[in-house]
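Residue numbers (the working numbering): 1 to 508. Even glycine gets a Cβ: it sits at the ideal position worked out from N, Cα and C.
Given below as structure tokens:
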């Protein structure tokens, strides 16, 4: 377990740097275009390529890892089979999307007359550049999966860092010469750089070579049986993003950008942690499942969710009360003015309440996949993402505007979490929270209450004219409060972290 968390920590550090570069890209777009139709064009054009990368690529990668670790799998053959399937599938999907470009853009821009002429042409140009990157991005995800099953977690995480960094640098440079189209060109070039890096990393393993194979075996059948439901069930956040874009289209100018900025800001801490955890945990889970290590699986389940709770709930509290200040500090520069902040901050305040539930849902889903159960998460996703989420947005979008989109995400994420936890308990005996009746779970709640009260008071009374001073004071109050309350109430995971950090510091 200690080795597991050490690896997670190392991967998390790389992910932090990678996410910072990705976040800087959003900040630069905000600086250059604010919450306008131009920024809407960039985010809209990138929606479908990013969806395919995260949903389709994630589904194939998860399935490949699971099947690769099975004793009955011919690994050398399966590498070629899965590569062939991934390459052909994503190429066909990309070709179809590009063929129906006009129809897709009309779907996103229905009812917006201002998105015609120059702006529509810009979106089309961006889409034609960005869409082919889907093939490279999904292949990158597949290569990352192979690296992860060989315990090369750092390489797959570092590839994302290279992608985000190159995307940012190339886009900024090109934008001075070709305008917003530079972001489209950069998306394609940076995807090529990432997949090239991963190919080199995999070849250095000197393991099973990548190639083409159309041979049909039990493994390929199992791959399709797992992948098809996973594309829906394993892409909850991506389906959220796609639906958010569609519903934001009919709202005020800049609504798409405001939802995107708020969503990205919410996902920043959540994605860093959950990406690091799931990157490491799924290959380990698959091996434990193959070994029938039930005790080890249950320990990973309960401890992992408890760590997510201890880390993300305090961050949620801070992000909620400091939502406006966070938007000011991160985005309010250049063309991103006070009006953009006023549009984005309320959406962020609601989004952050879903932070823990979205992360936990992704974490729990991996345990279902490790057991070969991709049906239950799919059913829950359909009910919540395509049912409850859409229903709430439709009912309240006229009254609350873009905030209704965030409410849909929050309510559906909470219901999905309850379904996943309850079903995992009754079906697989996986216990957490009220089901587990662990003292450590109940011990964590008094600190959460105290943190909430103190952070709220700080956000109300420690406000200064200089936004950065307000932010810095708030962060200091937050960390001191978390440190003191976790220590006083005996949060063992926190004390263990302090003890290990102290030992390392003394050795250094």
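Asked, Found
"Cutoff 6 Å; reference residue 458; Cβ partners in own chain excluding five residues on either side", "474 and 477"
"Helix, strand or coil at residue 430 according to DSSP, with G and I counted as helix", "coil"
"C-beta contact flag for residue 161 and residue 14 at 8 Å", "yes"
"Sub-8 Å separation of residue 175 and residue 61 beta-carbons", "no"
"Residues near residue 349 in its chain [Cβ-Cβ closer than 7 Å; skip 5 each side]", "320 and 323"
"Inter-stretch contact at 8 Å, needing at least 3 Cβ pairs: the segment 363 to 383 / the segment 295 to 313", "yes"
"Continuous alpha helix (DSSP H) stretch holding residue 75: start and end", "75 to 99"
"Helix, strand or coil at residue 335 according to DSSP, with G and I counted as helix", "coil"
"Residue burial classification, residue 209 (beta-carbon count within 10 angstroms, cutoff 16)", "exposed"
"Given residue 164 as reference, the closest of 194, 48, 126 and 218 once Cα atoms are compared", "194"
"Counted within 10 angstroms of its Cβ, other Cβ atoms place residue 19 as buried (16 or more) or exposed", "buried"
"Proximity of residue 498 and residue 444 at Cβ, strictly below 8 Å", "no"
"Contact the segment 374 to 383 vs the segment 396 to 407: 3+ CB pairs below 8 Å", "no"
"Best match in 362, 265 and 456 for proximity to residue 344 [C-alpha to C-alpha]", "265"
"Buried versus exposed, by CB contacts within 10 Å (16 or more), residue 446", "exposed"
"Close-in-space but distant-in-sequence residues of the same chain around residue 365 (CB under 6 Å, 5 per side omitted)", "377"
"Contacts around residue 1, its chain only, beta-carbon distance under 6 Å, and the 5 residues preceding and following it disregarded", "With a pLDDT of 49 at residue 1, under the threshold of 50, the predicted position of this residue should be treated as unreliable, and no value is reported."
"Contact under 8 Å by Cβ, residue 186 with residue 167", "yes"
"Spatially closest choice to residue 54 from 23, 84, 133 and 74, by CA coordinates", "133"
"As assigned by DSSP and simplified to three states, the class of residue 399", "helix"
"C-beta atoms of residue 327 and residue 468 nearer than 8 Å", "no"
"Residue nearest to residue 493 in terms of C-alpha spacing, selected from 307, 37 and 333", "307"
"Element boundaries [alpha helix (DSSP H), containing residue 298]", "294 to 321"
"Span separating the alpha-carbon of residue 81 from that of residue 197", "22 Å"
"Buried versus exposed, by CB contacts within 10 Å (16 or more), residue 332", "buried"
"Proximity winner among 71, 356, 92 and 340, relative to residue 259 (alpha-carbon distances)", "340"
"Check whether residue 147 and residue 202 have beta carbons under 8 Å apart", "yes"
"Per-residue burial, residue 430 [other beta carbons within 10 Å of its own, 16 or more giving buried]", "buried"
"Contiguous alpha helix (DSSP H) assignments of at least 4 residues, all confined to the segment 451 to 507", "467 to 488 and 492 to 507"
"Reduced DSSP secondary structure (H/G/I, E/B, other) of residue 408", "helix"
"Own chain residues within Cβ distance below 7 Å of residue 63, not counting five before or after", "223, 226, 227 and 230"
"C-alpha distance - residue 519 paired with residue 220, whole-angstrom precision", "Within the shown structure, residues of the chain are numbered from 1 to 508, placing residue 519 beyond reach of any answer."
"Residue 408 versus residue 312 - alpha carbon distance", "20 Å"
"Rounded separation between residue 135 and residue 406 - CA only", "30 Å"
"Exposure label - residue 79; buried when at least 16 CB within 10 Å", "buried"
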